[in-house]
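Q: Input: one structure, supplied below.
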Amino acid sequence: MEYEIRATVPSVETYLSLREAAEMSPRSREGVERGLPNSLFAVTAFAVDTAGPEGGTGAAETAVGMVRVVGDGGTVYQIVDMAVHPDHQGEGLGSAILEELLAFLDEEAPPNAYVNLVADVDGFYERFGFEETRPASKAMFLRTGSE
Numbered sequence: 001m002e003y004e005i006r007a008t009v010p011s012v013e014t015y016l017s018l019r020e021a022a023e024m025s026p027r028s029r030e031g032v033e034r035g036l037p038n039s040l041f042a043v044t045a046f047a048v049d050t051a052g053p054e055g056g057t058g059a060a061e062t063a064v065g066m067v068r069v070v071g072d073g074g075t076v077y078q079i080v081d082m083a084v085h086p087d088h089q090g091e092g093l094g095s096a097i098l099e100e101l102l103a104f105l106d107e108e109a110p111p112n113a114y115v116n117l118v119a120d121v122d123g124f125y126e127r128f129g130f131e132e133t134r135p136a137s138k139a140m141f142l143r144t145g146s147e
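Residue 38 in full-length UniProt numbering sits at position 38 of the sequence shown, and the numbers go up by one each step.
Here it is in structure tokens:
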């Protein structure tokens with residue numbers, strides 16, 4: 001299996017299916033349709049089957065990973081929606097898509113911008129220089145009403 005990493009926002013269907021496959025909390029289709037176009041930057045990983053569809057020619061591809069950054073584009077950036085389909089974990093895709101996103105931030109974010117994320121994996125983000133905020137601060141959340 002070959003993989004391609006592209007600076008592109010995932011489709012609504014890809015976003016919803018990758019979050020489900022990665023056992024992340026659900027998001028409403030309405031919210032996803034509104035939110036994805038407002039991404040400051042996004043990276044999507046694709047599995048490419050160079051043999052093409054059964055008996056056919058050409059390459060078939062499937063989105064298998066994603067990460068986005070949202071924020072005001074100047075003072076604060078939040079890394080969100082980091083997901084790799086379980087069938088494709090262990091191939092370095094998480095690192096590859098995060099590195100692409102961090103390269104964007106290195107190029108575009110002004111000095112002293114605040115980049116944050118909510119991590120659910122111990123040790124992964126620390127390799128990229130992220131630090132826990134406690135005890136100086138704590139992360140909090142509020143979820144709006146359900147459908």
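A virtual CB, placed ideally from N, CA and C, is assigned to each residue, including glycine.
Keep in mind it's a predicted model, so treat the numbers as computed, not measured.
#1: How many angstroms separate the CA atom of R27 from the CA atom of E33?
#2: Using the DSSP secondary-structure output, state which residues sit across from R6 in a beta bridge.
#3: Only counting the same chain, and skipping five residues up and downstream in sequence, which positions put a Cβ closer than 6 Å to that of A96?
#4: I think F41 touches L101, with their Cβ atoms under 8 Å apart; what is that distance to the nearest whole Å?
#5: Just tell me which of V9, T44, G94 and G74 has its CA closest to the CA of E108.
#6: To the nearest whole angstrom, what separates the beta carbons of V67 and M82, a pair I think is in contact under 8 Å?
#7: My parser needs the beta strand (DSSP E) runs of 3 or more residues fully inside the UniProt domain "N-acetyltransferase" (16-147); what are they?
#8: State the Cα-Cα distance for the pair M24 and G129, rounded to the nearest angstrom.
#9: Check whether the Cβ atoms of V118 and A139 lie closer than 8 Å to each other.
A: Taking the geometry as given:
#1: 10 Å
#2: T44
#3: I5
#4: 6 Å
#5: G74
#6: 4 Å
#7: 41-49, 60-71, 76-84 and 114-117
#8: 24 Å
#9: yes
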